Structure formats: C-alpha cells, structure tokens
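Residue numbers (the UniProt record's numbering): 1 to 184.
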C-alpha cells in the first residue's frame with residue numbers, strides 16, 4: 001500500500017487509529033475534524049478492493065494475506081468485524097457497497113477461533129459488538145431486495161454465533177443459553 005497503510009491495518013482499523021493518534025498529538029481538534037470519516041475510508045478501501053477484480057489483482061498477495069491473518073486471529077477478526085459498522089450503518093453508501101461489505105464480512109466470520117485465545121482474552125472490541133449488530137440489523141430491515149436481507153440475516157447469525165463462541169463450554173451446563181448461542 002502507500003502512505004504506510006497496509007491492507008491488514010485498514011481491515012482492522014489499526015493503521016487509521018495509529019495515524020489519527022499521532023495527528024492528535026501534533027495538531028488541534030479542528031484539524032482532526034477533517035479525519036472524521038477516516039474509518040469509513042479504511043473500510044471502503046478494503047470493500048472496494050474485494051469488489052473489483054482489477055483492484056484485487058493489483059493488491060494480490062497482500063490483500064489475501066491480510067484476509068487470512070484476520071481469519072486466523074480472533075482479536076484481529078473482531079477488530080475487522082467492528083470496522084464494517086462504518087459502512088453498514090451509514091446512509092451515504094449504496095446498497096451494492098453494503099452487499100459487498102456483507103460478503104466480505106461473511107468470509108471473515110467462521111468457526112476458526114482457537115479455544116486457547118478465547119479462554120484467556122477479554123476481547124477489547126466486545127463493547128462495540130452491539131454497534132455492528134445494530135448496523136447489520138439496519139441493513140436486514142431496510143435492504144431493497146430479499147436476497148440482501150437474507151445475506152444480512154446470515155451475517156447477523158454468524159456474528160452472534162462468533163460472539164457466543166467463548167460461551168460454548170458454559171452452554172453444556174446452562175441449557176437456557178442454547179437458544180441464544182446455537183450455531184447458524
């Protein structure tokens with residue numbers, strides 16, 4: 001990539017957060033207002049790359065490597081999941097972009113989380129889970145076609161299941177949790 005940003009950093013939001021943190025130390029708040037859509041932009045770069053074959057070919061191995069690394073690391077996966085809320089909750093982006101965002105989200109959300117990570121880490125993004133769930137819900141309710149609503153519902157189920165993943169051991173002892181955390 002350019003300007004020191006990588007696809008991994010854009011996908012998780014870490015590069016943008018790092019850049020805005022550096023700028024906030026150097027500049028005043030009025031200057032930082034110019035960067036209020038930086039997270040949206042990071043999400044859009046990733047979605048745009050996955051949408052267009054010519055961009056995917058240009059990004060090549062770096063983009064595929066970033067996706068694989070996010071899929072294999074639960075913390076980064078949650079950071080990436082939370083980044084999709086910027087595009088999915090906005091009224092400024094087309095349904096086509098939101099549809100591709102859901103496609104990318106569905107490729108990231110799966111069952112590949114190591115039990116070791118889940119047992120010992122309190123996800124830093126867990127307080128933000130409701131924002132992504134609400135954004136997916138908005139798409140599910142307002143989408144113009146049935147196929148997109150179904151895709152959003154599938155994403156909602158997978159994100160909820162992924163969130164409940166650390167609770168699987170508890171489910172065997174508490175049958176009431178089976179309703180909430182059953183697999184999609």
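For glycine and all other residues, C-beta sits at the position ideal for the given N, C-alpha and C. This structure is a prediction, so every number in the text was calculated from the model and none was measured.
The shortest CA-to-CA distance from residue 162 to any of 135, 75 and 150 is the one to 75. Cβ-Cβ separation between residue 81 and residue 132: approximately 6 Å, consistent with a contact (criterion under 8 Å). Here the C-alpha atom of residue 15 lies approximately 19 Å from the C-alpha atom of residue 105. DSSP places residue 5 in the coil class of the three-state scheme, outside both helix and strand. From the listed residues 71, 41, 158 and 67, the smallest Cα separation to residue 92 is found for 41.
Beyond the five residues adjoining it in sequence on each side, residue 18 comes within less than 8 Å, by CB distance, of 9 in the same chain, given in chain order.
When the Cα atoms are used, residue 139 and residue 23 turn out to be separated by approximately 33 Å. Taking C-alpha positions only, residue 4 is separated from residue 68 by approximately 20 Å. By the neighbour-count definition (other C-beta atoms within 10 Å, threshold 16), residue 79 is a buried residue. In this structure residue 84 is buried. Its beta-carbon is surrounded by 16 or more other beta-carbon atoms within 10 angstroms. Assignment of residue 90 by DSSP, reduced to helix, strand and coil, places it in the coil class.
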